[in-house]
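> Have a look at this one.
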Amino acid sequence: MTARNPTARGGHRKRGAGRAARIKERSRDSTGEVVRPGQSGGQYRPLSESDIQRIYETALNLLESVGIGDPLPEILHYALPRGCTVDDDNRLRFPRALVEDLIDISAKEYTRFAPDPVNDLEVRGADVLFSTAGEAVTILDFETQRFRPTTLIDLYDATRLADQLEHIHSFGQPFIAADYSGDTFVHDVNIAYTQLAGTKKPFSLGVANVDHIEPLIALFDGYLGEEGGFLKRPFCIFSGCPILSPLRFSKDNAQVVVKVAELGLTCDVAVAPQAGATSPAALAGTLAQCFAETLACLCVVNLVRPGSPINFGMWPFISDLRTGSFSGGSGEEALVTAATVQICNHFGLISCVGTGMTDAKTMDVQAGYEKALTTVTAALAGCNLIGAYPGVVGSLIGQSFEGMVIDNDMIGNVQRILRGIEVTDETLSFDLIKNTVSDTGHYLGSQQTLDLMHSEYLYPNLADRSAPGAWESLDHKNLYEQAHKRVHEMLESYYPTYISAAADARIRSEFPIELDPKVMRNGNGRWRMSERFGEIKN
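The sequence shown begins at 1 in our numbering and counts up one residue at a time.
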C-alpha cells in the first residue's frame, strides 16, 4: 500500500513551553489526514482464483441455459437483436459470448457527483467508500426510546445527522417515510426533497415507479435553477432491486433500470437472494446464482447504453437455517460479502455490498461485533461502495440515531485499518530509538510523537479510553448514553440551508412537498433529551 509521508510538513514551527503547549500547537498547525475517502482495500481474499473461475462458469451456464424469467418488453427490445432468446417458458437466455463482451465494455469507474462539487467521489479500483443504506420501517424514538414507525421528519433528521458524520461519504435512504407510503409518488418526491435539504454529500434514492424519474429530474433541475442541469452533474443515483430471486425480473424496478440506463445515468442495483430460502444453502451456490442475477442487470444496462455505469450490487444474504429468518450479522454474511467483492474486483466491476446488518435489536454488544465483523471484511476485500447500514438494527427492520454516531466511529477505525502501516527509513525510527535509549528512556515528548499525534493516530468521538478510576469518579455513562447526548448536540441546532429560498419556493409550487418549513429551522423545540436517559443501559 502506498501512503503519504505522515511526517512531511512545510515551514518552521516554534517550540512551545512544555509538552502540553507543543501538543496544542501541533494540533492547530496539523494539515495531515489520518483517514480519507477512497482508501484502497483488497487485502482479504477468501476465494482462490480457481474458485472464482468455477463460480463464473456456473453463472454463465445459468444465464445461457436457465435464463431470467419474466423479461419485460423494454428489455426484450434491446436483448433479442443481440442474440438473446426467449422460449415458451418466458425466460430470457443470454449467450455466453454476449455476456463476456458486455462485461468487457462495462464501466470500470466513474465520478459520483454531489450537490456540492467539493464532495464529489471517485469510484474506482479497490478504493473503499462508505454510505448509509436501508429500507427500515421503524425507528428508536429519541425521547421515548421505543420503536415506532418511521416518518418523513425522521428522514430529514437522519439526513442532516449523516451530513455531519465525517466517515460517511454518501447518503443512501436508510428508511421509508411510513406516513407517506400510501402514495408512492408523494413518497419519492418528498424523499428526494428531504435529502436535498439535509446533505451536500452524494445521495441515492429508491424509486418506486419508472414514471417518477422524469418528475424527480425536474425537481432536481428546479433546485439547480437550470433545465437540464441535473443530467450534466447527476448528484442523485436512482436505485432499485430489479431481480426476484431465484432468477426472475421484478417489473417495476427493472423498468427503472432500463429508463435510468437510457438517460445515461448511473444504475444502482441490489440483488439479494437469501441462502437457504431464495438461493441454495450451499454458499458457493448462492454466490453463483447471485452473480448470474447481477450479471443479468449489467447486461441489460450495457445493452441499453454500452458503458453506462452500474453499481454491481451483488448482495447475497444469509438465513438462519433453524428458523429461515434473515441473519445479516452472521459470520457467513461477512464471508459471502467479502467473496462477492473479490469476484467483482477480479473482473474489474464496480462493487457494492451491504454490511452492518446486525440481528441485534438494540445497539448492544451483539450489534457491535456483528457490525464490525461484516464491515471490516468487506472493506479489506476492497469494496468500492459499502452500504454500511449505520444505526440499523433488528435485521434491517429498525433504525437508531444513536447507532449512527456509534457506527461512524467504527467505520473510522475500519478506514484506519485500510490505511495500513507505512514502512520507510524514517518511520523505522532507528536513530530515534538509539538516541532515546541513551537519553530519556521514553518517547512521550519526542518531536516524532507530537508530529504523528494527528496524522498517524485516529481518535474516537465517543469511545471512553479513560482509566476505570477516572470513569467511576465522573458520570459512569456507557457508550450508548454518550451517543444519545451526542445526537442531541448534533441535531438540536444544525439546520443547513442547502436549498435557496427561491429554489424552495419554486419546488414547493410544483411538487407536493410535505416537510413543514417550521421543522427545518433552529429553535423549533423538537429535540429534547430522553427522560429515560439516565436509565439507558446497553
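C-beta: ideal position from N, C-alpha, C; glycine also.
Assuming the contact rule is C-beta atoms closer than 8 Å, Pro115 and Lys232 should be a hit. Round their C-beta distance to whole Å, please.
About 13 Å; that fails the 8 Å criterion.
> Run through DSSP, which three-state label would Pro46 get?
Here Pro46 sits in coil by DSSP.
> Expressed to the nearest angstrom, what Euclidean distance is found between the alpha-carbon atoms of Met453 and Ser131?
Looking at the two C-alpha atoms, the distance is approximately 27 Å.
> Taking the DSSP output, what are the residues bridged to Phe312?
Paired residues: Ser351.
> Can you tell me whether DSSP reads Cys84 as helix, strand or coil?
Three-state DSSP puts Cys84 in coil, outside helix and strand.
> Note the first and the last residue of the continuous alpha helix (DSSP H) segment covering Ile75.
Looking at the DSSP string, the run of the alpha helix (DSSP H) that includes Ile75 is 73 to 79.
> Should Gly324 and Glu370 be called a contact, given that it needs their Cβ atoms to be closer than 8 Å?
No. Outside cutoff.
> Using a threshold of 8 Å, state whether the C-beta atoms of Cys344 and Met314 are closer than that.
For Cys344 and Met314, yes; Cβs fall inside 8 Å.
> So for Pro215, helix, strand or coil by DSSP?
Of the three classes helix, strand and coil, the one that applies to Pro215 here is helix, per DSSP.
> Applying the 10 Å Cβ sphere with the 16-neighbour rule, what's the burial state of Arg148?
Answer is exposed; the Cβ neighbour count stays below 16.
> Output needed for Ala275: all residues of its chain with C-beta closer than 6 Å, excluding positions within five of it in sequence on either side, in chain order.
Only Ala281, Thr286, Ile318, Ser319 meet the Cβ criterion.
> Below 6 Å CB to CB, which residues in the same chain sit around Arg45 once its five sequence neighbours on both sides are set aside?
Gln342.
> Let me make sure I understand the geometry here. Which of Thr427, Asn522, Val256, Leu380 has the alpha-carbon closest to that of Ile75?
For the residues Thr427, Asn522, Val256, Leu380, the minimum Cα distance to Ile75 belongs to Val256.
> What do you get for Gly134, buried or exposed, if any count of 16 or more other CB atoms within 10 angstroms of its CB means buried?
Burial call: buried.
> Using the rule of at least 16 other Cβ atoms within 10 Å of the residue's Cβ for burial, across every protein chain shown, is Leu428 buried or exposed?
Exposed.
> In whole angstroms, give me the CA-to-CA distance for Leu220 and Asp127.
Note that residue 220 is Phe in the sequence shown here, rather than Leu. The alpha-carbon atoms of Phe220 and Asp127 are separated by roughly 29 Å.
> What separation, rounded to the nearest whole angstrom, lies between the Cα atoms of Asp188 and Tyr389?
Rounded to whole angstroms, Asp188 to Tyr389 spans 20 Å at the Cα level.
> Quickly, what does DSSP pair Pro149 with across the bridge? List them, please.
BP columns for Pro149 point to Thr138.
> Quick one: residues in its chain with C-beta nearer than 6 Å to the C-beta of Ala292, no 5 flanking neighbours on either side, listed in chain order?
Cβ within range, chain order: Ala59, Leu62, Leu63.
> Can you check the region 229 to 308 for any beta strand (DSSP E) of at least 3 residues that lies completely inside it and give the ranges in chain order?
Listed in chain order, the complete beta strand (DSSP E) runs (minimum 3 residues) inside the region 229 to 308 are 236 to 240, 267 to 269.
> Have a look at Asn478, Leu450, Glu472, Asp87 and flag the residue whose alpha-carbon is nearest the alpha-carbon of Leu462.
Considering only alpha carbons, the answer is Asn478.
> Taking the alpha helix (DSSP H) that Val128 belongs to, which residues open and close that run?
First-last for Val128: 127 to 131, but that is the beta strand (DSSP E), not the alpha helix (DSSP H).
> Buried or exposed for Ala476, please, with buried defined as at least 16 other CB atoms from any protein chain shown within 10 angstroms of its CB.
First, the amino acid is wrong: residue 476 is His here, not Ala. It is exposed - the Cβ of His476 has fewer than 16 other Cβ atoms within 10 Å.
> Taking 8 Å as the threshold, find out whether the region 425 to 439 comes into contact with the region 481 to 491 through three or more Cβ pairs.
These segments do not touch.
> Under the rule that 16 or more other beta-carbon atoms within 10 Å means buried, what is Asp157, buried or exposed?
With 16 or more other Cβ atoms within 10 Å, it is buried.
> Once DSSP output is grouped into helix, strand and coil, what is the label at Leu581?
Missing from the structure shown is residue 581; the chain here goes from 1 to 538 and no further.
> On the criterion of 16 or more Cβ atoms from any shown chain inside 10 Å, does Arg28 qualify as buried, or is it exposed?
Legend: pLDDT at Arg28 = 38, less than 50; position of this residue unreliable, no value from coordinates given.
> Going by other Cβ atoms of all chains shown within 10 Å of its Cβ, with 16 needed for buried, is Ser524 buried or exposed?
Reading off the sequence, residue 524 comes out as Asn, not Ser. It is exposed - the Cβ of Asn524 has fewer than 16 other Cβ atoms within 10 Å.
> If we count Cβ pairs, one from each stretch, closer than 8 Å, do we get three or more for the region 102 to 114 versus the region 371 to 382?
Because the criterion of three Cβ pairs below 8 Å is not met, the region 102 to 114 and the region 371 to 382 do not touch.
> What did DSSP end up calling Phe113 once you bin it into helix, strand or coil?
DSSP places Phe113 in coil when its eight states are reduced to three.
> Is Leu385 helix, strand or coil when you go by DSSP?
Strand, per DSSP.
> Please state whether DSSP places Leu102 in a helix, a strand or coil.
Helix, per DSSP.
> Thinking just about the alpha-carbon of each residue, which of Arg528, Trp527, Glu514 is nearest to the one in Tyr193?
Out of Arg528, Trp527, Glu514, Glu514 has the C-alpha closest to the C-alpha of Tyr193.
> Name the two residues that bound the continuous alpha helix (DSSP H) containing Arg416.
From DSSP, the alpha helix (DSSP H) with Arg416 extends over 401 to 419.
> Is DSSP giving Leu205 helix, strand or coil here?
If DSSP states are grouped into helix, strand and coil, Leu205 belongs with the strands.
> According to DSSP, simplified to helix, strand and coil, what is Val210?
Val210 falls in the helix class under three-state DSSP.
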